[in-house]
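> Chains as they are written, first to last, in the numbering used here: chain Y, 1 to 122; chain X, 123 to 292; chain V, 293 to 403. Backbone N, C-alpha and C define an ideal beta-carbon position, used for all residues, glycine too.
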Amino acid sequence: MRALRWTLGAIVLIAVIVLIIHRPPAMPFFPDMPFAGFVTRALYILVLAALLVLFRIRKGPTAADRVMAIDILGVLIVGICAVVSIATQRSWYIDIAIAWALQSFIGALAFAKYLEGRSFDD
Amino acid sequence: MKSRIVLFIVSLIVWSALSWAVDWQHLVIGVLVSVLVAAAAGDLFVRRPHLLRHPARYFYFLFAYLPLLLWEIVRANLDVAMRVLNPALPIRPGIVKIRSKLRSETGLTFLANSITLTPGTMTVDVDAESGTLYIHWIAVRSTDPEEATKAIAGRFEPLLLKIFEEDVVE
Amino acid sequence: MIDTVGLVFVGFGLFFDLAGCLGLVRLPDVYNRLQASTKCVTLGTCSILFGTFLITGINGAGIKALLCIVFVALTSPVAAHAIARASHRGGVKLWKGTVVDRYAEDQEGEA
Numbered sequence: 001m002r003a004l005r006w007t008l009g010a011i012v013l014i015a016v017i018v019l020i021i022h023r024p025p026a027m028p029f030f031p032d033m034p035f036a037g038f039v040t041r042a043l044y045i046l047v048l049a050a051l052l053v054l055f056r057i058r059k060g061p062t063a064a065d066r067v068m069a070i071d072i073l074g075v076l077i078v079g080i081c082a083v084v085s086i087a088t089q090r091s092w093y094i095d096i097a098i099a100w101a102l103q104s105f106i107g108a109l110a111f112a113k114y115l116e117g118r119s120f121d122d
Numbered sequence: 123m124k125s126r127i128v129l130f131i132v133s134l135i136v137w138s139a140l141s142w143a144v145d146w147q148h149l150v151i152g153v154l155v156s157v158l159v160a161a162a163a164g165d166l167f168v169r170r171p172h173l174l175r176h177p178a179r180y181f182y183f184l185f186a187y188l189p190l191l192l193w194e195i196v197r198a199n200l201d202v203a204m205r206v207l208n209p210a211l212p213i214r215p216g217i218v219k220i221r222s223k224l225r226s227e228t229g230l231t232f233l234a235n236s237i238t239l240t241p242g243t244m245t246v247d248v249d250a251e252s253g254t255l256y257i258h259w260i261a262v263r264s265t266d267p268e269e270a271t272k273a274i275a276g277r278f279e280p281l282l283l284k285i286f287e288e289d290v291v292e
Numbered sequence: 293m294i295d296t297v298g299l300v301f302v303g304f305g306l307f308f309d310l311a312g313c314l315g316l317v318r319l320p321d322v323y324n325r326l327q328a329s330t331k332c333v334t335l336g337t338c339s340i341l342f343g344t345f346l347i348t349g350i351n352g353a354g355i356k357a358l359l360c361i362v363f364v365a366l367t368s369p370v371a372a373h374a375i376a377r378a379s380h381r382g383g384v385k386l387w388k389g390t391v392v393d394r395y396a397e398d399q400e401g402e403a
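1. On the CB-based measure, 16 or more other CB atoms within 10 Å of its CB, does Y256(X) come out buried or exposed?
2. Rounding to the nearest angstrom, what Cα-Cα distance links V67(Y) and D249(X) in this structure?
3. Kindly indicate if chain V contains any beta-carbon less than 9 Å away from that of I11(Y).
4. Which ranges would you report for the beta strand (DSSP E) in the region 225-290 of chain X if only whole runs of at least 3 residues count?
5. At a CB-CB cut-off below 8 Å, which residues of chain Y make contact with A365(V)?
6. By the three-class DSSP mapping on this structure, what secondary structure does R90(Y) have?
7. List the residues of chain B that C332(V) touches, going by C-beta distances under 7 Å, in chain order.
8. Under the DSSP definition of a beta bridge, which residues are partnered with R214(X)?
9. Just mark G276(X) as buried or exposed, buried being the case when its beta carbon has 16 or more other beta carbons within 10 Å.
10. Taking the beta carbon of S252(X) as the centre, do at least 16 other beta carbons fall within 10 Å, making it buried, or is it exposed?
11. Out of L306(V), L319(V), L359(V), D321(V), point me to the one whose CA is closest to S133(X)'s CA.
12. Quick one: which residues of the region 60-72 of chain Y get their C-beta closer than 7 Å to a C-beta of chain V? List them in chain order.
13. For the alpha helix (DSSP H) that contains P369(V), what are its first and last residues?
14. How many angstroms separate the CA atom of R197(X) from the CA atom of I274(X)?
15. Taking Cβ positions, are V83(Y) and T344(V) nearer each other than 9 Å?
16. Over the uninterrupted alpha helix (DSSP H) stretch that includes D309(V), give me the two end residues.
17. Between L386(V) and chain Y, is any beta-carbon pair separated by less than 9 Å?
18. According to a CB-to-CB cut-off of less than 9 Å, which residues of the region 206-227 of chain X neighbour chain V?
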């Protein structure tokens, strides 16, 4: 059963990745910029990873799973901002990335306190 | 007072790196903000400023600890990626207990973070008074505290003892 | 030349990000998922940011990318540790194949 599921998942995942690398669904987001093709494919792969995280947020049996997945999503968004800043040559995307990283860290800590069932004052 | 000066210098460096434009307006605002931060935080972050005066500690941190950490991180990621991509999912998880000789909070924090980033292990809880760490291990090899300590913390502990503890100064 | 090296770093980062998110889906309980996803996604994002630094070069954006590496590498293990401890204390069960749980044993000894 597990082997069957692994095979199916591997086939689907490899097919999607080959499709993304070989022929992205909508070609370049940033047609005039350098590295446009590479950045478009990288963005599609990051969105695929984010979809996997969203699956865990939707399904996650416990609240801890969801909090963890949201934290990981924040780190992925930092990566997306960095890739977009490569394509557009704008430095303020990195500012967004830094702010998002710190913000998601603080949010994860607050949620962890909440899950632990303690008050906020220790 | 010393810890505030250290904090002021650190925050000024971070500010200059973030703004990255050398003119007097940025610098004046940066100095004001750094003074504010240093006055507000006080000795919250830098508890033992006299440790910052030994160059040997910087040397060990930069040239022994950081390369080791980087190498272990890369190994950890290849290990986890292989485990995840393997059809049989070869995991044998468990929470084990290890004892550390480190006592300072900074040292224990660095040890815990290093353990989280190295192959197959993750810190669940730290007890600072007795130096006990509870480690979630994805492929348990031994449940005995001494052997687990040697397997998990054996590489980092001597270096961190040299960097963060007061007694081991040459 | 240096652009190519940067793109190679970004590619490594993409691979590890994808592997970490796959681990998030495949592994059985919260603690194992935290292990895989924290390690892989942290290294993946740091690698992408380092590639950004190599491509943009030493200017405002590049230095900010380096600072962002430091922030991510410092905060992500701490967040993983906080979530793991909170979920253990909040009573999330470990996977049924778990070998040993010293933490629960010690806590029962205290109580």
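The structure says:
1. buried
2. 24 Å
3. no
4. 243-249, 254-259
5. Residues of chain Y passing the Cβ test: none, with the nearest at roughly 10 Å.
6. coil
7. Absent from the structure is chain B; the protein chains it does hold are Y, X and V.
8. A261(X)
9. exposed
10. exposed
11. L359(V)
12. T62, A64, D65, V67, M68, A69, D71, I72
13. 352-381
14. 14 Å
15. yes
16. 294-318
17. no
18. V206, L207, L211, I213, R214, P215, G216, I217, V218, K219
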